[in-house]
Amino acid sequence: AGARRQIERILRTARGVEQLIALLLVLVRDPARLSAISETFRLDAMLPEVVEDHRHLCAGKDLELAIAPLPPCALHAPEGIVRAAIGNLLRNAIENSDRGTISLALEAPAVVVIGDPGHGMAPEEIGALHARMAREAGADAARSGGGIGLELIARLCEHLGWGLRIEPQPPQGTRAVLDLGAALSGP
């Protein structure tokens with residue numbers, strides 16, 4: 005049992021590194037060439053899987069992950085990149101929350117909303133975050149110790165024509181709004 009937990013942890017870490025490498029590789033490709041690695045998939049089917057993949061991060065916290073009813077939604081995009089972007093936002097919500105419910109919803113058309121009951125961010129902090137996300141060089145964020153998570157996801161979204169907003173969620177917490185509308189699959 006102990007060895008199994010260690011192997012599962014190694015596997016999760018390896019998947020995380022693989023996703024990070026995939027995200028970085030997407031940033032160096034021309035967006036038009038990404039169609040070669042894009043596929044049509046159901047976002048509404050993927051979201052529960054992403055939640056289950058991250059549920060272990062709630063261990064030791066008084067946190068619940070809740071998924072709102074999901075409307076049908078088909079995307080044409082690199083599935084692994086969509087999964088990594090949503091997973092990164094969900095991981096941030098879990099890491100910055102101690103108790104309560106983290107909600108995940110899919111709003112039409114193709115907008116993923118993750119709300120957390122975390123420590124919240126002051127308007128100045130959100131402004132600074134948006135300014136960092138808008139900067140061209142991610143190296144500054146890495147040097148400041150802030151990591152590249154949100155900055156990388158923001159650059160990825162810009163590269164692919166998606167939208168990302170981070171908003172306060174009164175009375176406490178934060179909302180991440182990921183607009184994947186540019187990847188909607190035909191009719």
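Counting in my numbering, the final residue of the sequence shown is number 191, and the numbers go up one at a time with none missing.
Here a beta-carbon is modelled for each residue, glycine too, at the ideal position from N, C-alpha and C.
Just so you know, these numbers come straight off a predicted model, no measurement behind them.
Item to complete: Would you please state the rounded distance, in angstroms, between the beta carbons of L79 and L188? I believe it to be under 8 Å.
Response: Start at 1 with the first residue of the sequence shown, and residue 79 comes out as number 75. Start at 1 with the first residue of the sequence shown, and residue 188 comes out as number 184. With 8 Å as the limit, L79 and L188 qualify as a contact, their Cβ atoms being about 6 Å apart.
Fill in: CB-CB length for H123 against N92, believed under 8 Å
For the purposes of this step, residue 123 is taken as the residue at position 119 of the sequence shown. For the purposes of this step, residue 92 is taken as the residue at position 88 of the sequence shown. Between N92 and H123 the Cβ distance is about 18 Å, and since that is not below 8 Å, they are no contact.
Discussion item. Short of 6 Å in beta carbon distance, which residues of its chain neighbour E68, apart from the five on each side in sequence? Order them along the chain.
Written reply: Sequence index remark: in the sequence shown, residue 68 carries index 64 (1-based). Within the same chain, E68 has close Cβ partners T105.
Worksheet item: How is the alpha helix (DSSP H) around R59 delimited, first residue to last?
Response: Here residue 59 corresponds to residue number 55 of the sequence shown, with the count starting at 1. Note, R59: premise wrong, no alpha helix (DSSP H); not H, not E.
Worksheet item: For P76, which three-state DSSP category applies?
Response: As a working note, residue 76 is residue 72 in the sequence shown. The answer is coil: DSSP assigns P76 none of H, G, I, E or B.
Practice prompt. Can you give me the start and stop residues for the beta strand (DSSP E) that I118 sits inside?
Written response: In the sequence shown, counting from the first residue as 1, residue 118 sits at position 114. Here the beta strand (DSSP E) through I118 covers V115 to D120.
Item to complete: With a 10 Å radius around its C-beta and 16 neighbouring C-beta atoms as the bar for buried, classify I14 as buried or exposed.
Response: Working through the sequence shown from its first residue, we reach residue 14 at position 10. When all chains shown are included, I14 counts as exposed.
Worksheet item: Going by C-alpha distance, which of E56, P73, I90 and P172 is nearest L154?
Response: For this step, residue 154 is matched to residue 150 along the sequence shown. For the residues E56, P73, I90 and P172, the minimum Cα distance to L154 belongs to I90.
Worksheet item: If you check the beta carbons only, do Q176 and G119 fall under 8 Å apart?
Response: For this step, residue 176 is matched to residue 172 along the sequence shown. For this step, residue 119 is matched to residue 115 along the sequence shown. No, these two residues do not count as a Cβ contact at 8 Å.
Fill in: R59 versus M50: straight-line alpha-carbon distance, rounded
Taking the sequence shown and counting its residues from 1, one reaches residue 59 at position 55. Taking the sequence shown and counting its residues from 1, one reaches residue 50 at position 46. Looking at the two C-alpha atoms, the distance is approximately 15 Å.
Practice prompt. Please look up how many angstroms separate the CB atoms of L108 and V181, rounded, as I've assumed it's under 8 Å.
Written response: Taking the first residue of the sequence shown as position 1, residue 108 is located at position 104. Taking the first residue of the sequence shown as position 1, residue 181 is located at position 177. Not confirmed; about 12 Å, so no contact.
Practice prompt. Decide if T44 is buried, meaning its Cβ has at least 16 other Cβ atoms within 10 Å, or exposed.
Written response: Within the sequence shown, the letter at position 40 stands for residue 44. With fewer than 16 other Cβ atoms within 10 Å, it is exposed.
Practice prompt. Check whether the Cβ atoms of R8 and L61 lie closer than 8 Å to each other.
Written response: By one-based count along the sequence shown, residue 8 stands at place 4. By one-based count along the sequence shown, residue 61 stands at place 57. No; because the gap between Cβ atoms is not below 8 Å, this pair is not in contact.
Worksheet item: Which of the three DSSP states, helix, strand or coil, is assigned to G84?
Response: Indexing the sequence shown from 1 puts residue 84 at position 80. Helix.
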